[in-house]
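Visitor:
Residue numbers (this note's numbering): 55 to 457.
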C-alpha cells in the first residue's frame, strides 16, 4: 500500500527473508486459504489431494520448518535472527492466519526433541528437518474439554486436575483421557507436545510434558472441527485409551512453571505478531476497496468520514504492531521474558485485528457481508483469535500480579 513501513533499517538478509515469505504468502498461502475456507466440510480440508498439503509441502521445500532447529540437527536457527522470524510470522499472518498457525505448531514437538539428550528424540528432530513430504506433523496437546484458557489460572488449586492422566508402570506411562477439539493440527498430527496429569495431589502443577507419537495403540481422533473462522486450520479431539508411552518420551516429568510463567510465552508472542499481520491485511482491504468504490461521483476514500475511519484503523494497526514487535524483541534480547507485555501484545493485536476487520466491513457496506470479498473471511479469522491460545481476559488475569 502507499503508506510507509517503519522497516527502514533492515539488512539485505532480512529484506530477502521478508520478500520470500511475502511472495509465498501472496502466491500460495492466501489463495489456498480462500479455497479451504469455502469448503463446507472440514474433512475436505485435510483430504488427500487438498490444497492444504500443497501449502505444507511447499513450506517445507522452502525450509520454513527449519527455522527453530540448530545446524547440528540440519536446521538454520543460527542464520535466523529475531527480526527474520518476526517478519516471517507477520507476513504469514497477513496471508492467512489459520495456515500460519498450522505451519508454526507443526514443528513444536520436534523442536523440543533437539533439547534433550535422548537418542530417539534427537533422531526424530533430525527426521523432521529432513522431511519435505509432511510425513511428520506436530501439534500442541494442551487444551482439554474442561481446561482451556483457564489452565494457568487453576494451577495452584489441587482440586482441579488435568483431564488427561498418566500413571508410570515400569518403563511406560499408561495414558487415559482426551484432549479437546481445539488442538491445532489435532487430526493430522503424527506427534504431540503433550501435557499429561501425573500427580493429582498437585492439581495442574502435577502435569508432565511428553513427546507422544500419535500412532501408538489406543490413540484415536475425533472429527475435524467445524468452526466460524480459521477454517483452513485443522483442529480436532485426540483420545487416549490405555496408551503405553515409553518413559524416555516424558521430557518433563515435572513442570516447574505454569502456562503464564514462561511456558506460554513463545506461542503468545507469536500470536501477537501474527495477528498484527492480519490486522494490517484488514486495513489494506479497507483502503483498497475505498479507492475502488464510487459513490457520489468519487471514490469513497475522498469522503471525510471514510478518511477518518481509515486513519483510526491505521493508528490501531500500527500501535498493535509496535507493541508486538517491542515485546518480541525484549523477550528475545533481554535474557528474560515479560509475560505482562507478552499477554498485552496478544490481547492488543487480536482485539485490533477484530476491530479493524469490522470497520473494514463497514467501509465495504453490504459487499462486506459477501463471501466474494476477502474482508468477510478476515473478520471471522480475527474473531477466533481472541479466544484461541487462551481467552484474552483469562490471559490478562494470569499476569496482573506482575504490576
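Quick reminder that beta carbons are idealized off the backbone N, C-alpha and C, glycines included.
Treat the numbers as computed from the prediction; the structure is a model and nothing was measured.
Less than 6 Å between C-beta atoms, sequence neighbours within five positions excluded: which residues of the same chain meet that for residue 183?
Guide: Cβ neighbours of residue 183 beyond the five flanking positions: 120, 123, 127, 128, 129.
Visitor: Starting from residue 261, follow the beta strand (DSSP E) in both directions and report where the run begins and ends.
Guide: Residues 261–267.
Visitor: DSSP puts residue 227 in a beta bridge; with which residues?
Guide: BP columns for residue 227 point to 222, 299.
Visitor: So what does DSSP say about residue 168, is it helix, strand or coil?
Guide: Note: residue 168 maps to coil in three-state DSSP.
Visitor: Name the two residues that bound the continuous alpha helix (DSSP H) containing residue 194.
Guide: Segment 192–195 is the beta strand (DSSP E) holding residue 194; no alpha helix (DSSP H) there.
Visitor: Let me know the secondary structure DSSP gives residue 246 once reduced to three states.
Guide: Strand at residue 246.
Visitor: My understanding is that residue 11 touches residue 185, with C-beta atoms under 8 Å, so please give their C-beta distance in whole angstroms.
Guide: With the chain covering 55 to 457 only, the question about residue 11 has no answer from this structure.
Visitor: In chain order, what residues of the same chain have a beta carbon less than 6 Å from the beta carbon of residue 200, not counting five sequence neighbours either side?
Guide: Cβ neighbours of residue 200 beyond the five flanking positions: 217.
Visitor: Have a look at residue 322 and residue 392 and give me their C-alpha separation to the nearest angstrom.
Guide: So the two alpha carbons sit approximately 11 Å from each other.
Visitor: Below 8 Å, can you find three or more Cβ-Cβ pairs linking the segment 132–149 to the segment 206–213?
Guide: No, they do not touch.
Visitor: Do you know offhand how far residue 274's Cα is from residue 268's?
Guide: Their backbone Cα atoms lie some 8 Å apart in a straight line.
Visitor: Between the segment 373–380 and the segment 395–403, do three or more beta carbon pairs fall short of 8 Å?
Guide: The segment 373–380, when compared against the segment 395–403, does touch it at the 8 Å Cβ threshold.
Visitor: Does residue 314 pass the burial test, meaning 16 or more other C-beta atoms within 10 Å, or should it be called exposed?
Guide: Annotation note: pLDDT 47 at residue 314 (below 50); position unreliable, coordinate value reported separately. That one is buried.
Visitor: As a quick exercise: from 143, 125, 101, pick the residue whose alpha carbon is nearest that of residue 326.
Guide: Ranking the options by Cα distance to residue 326, first place goes to 143.
Visitor: Taking the runs of the alpha helix (DSSP H) that are 4 residues or longer, which of them lie wholly in the segment 62–112?
Guide: If we require 4 residues or more, the alpha helix (DSSP H) runs fully inside the segment 62–112 come out as 66–78, 84–91, 96–99.
Visitor: Residues in its own chain within less than 8 Å of residue 368 by CB, not counting five upstream and five downstream?
Guide: Answer for residue 368: 57, 337, listed in chain order.
Visitor: Between residue 104 and the ligand MN, is the CB less than 8 Å from at least one heavy atom?
Guide: Inclusion of the ligand MN in the displayed structure is not the case, the ligand content being empty and no account of it being possible.
Visitor: What three-state label does DSSP hand residue 445 in the structure shown?
Guide: Coil at residue 445, not helix or strand.
Visitor: By DSSP, does residue 395 sit in helix, in strand, or in coil?
Guide: Note: residue 395 maps to helix in three-state DSSP.
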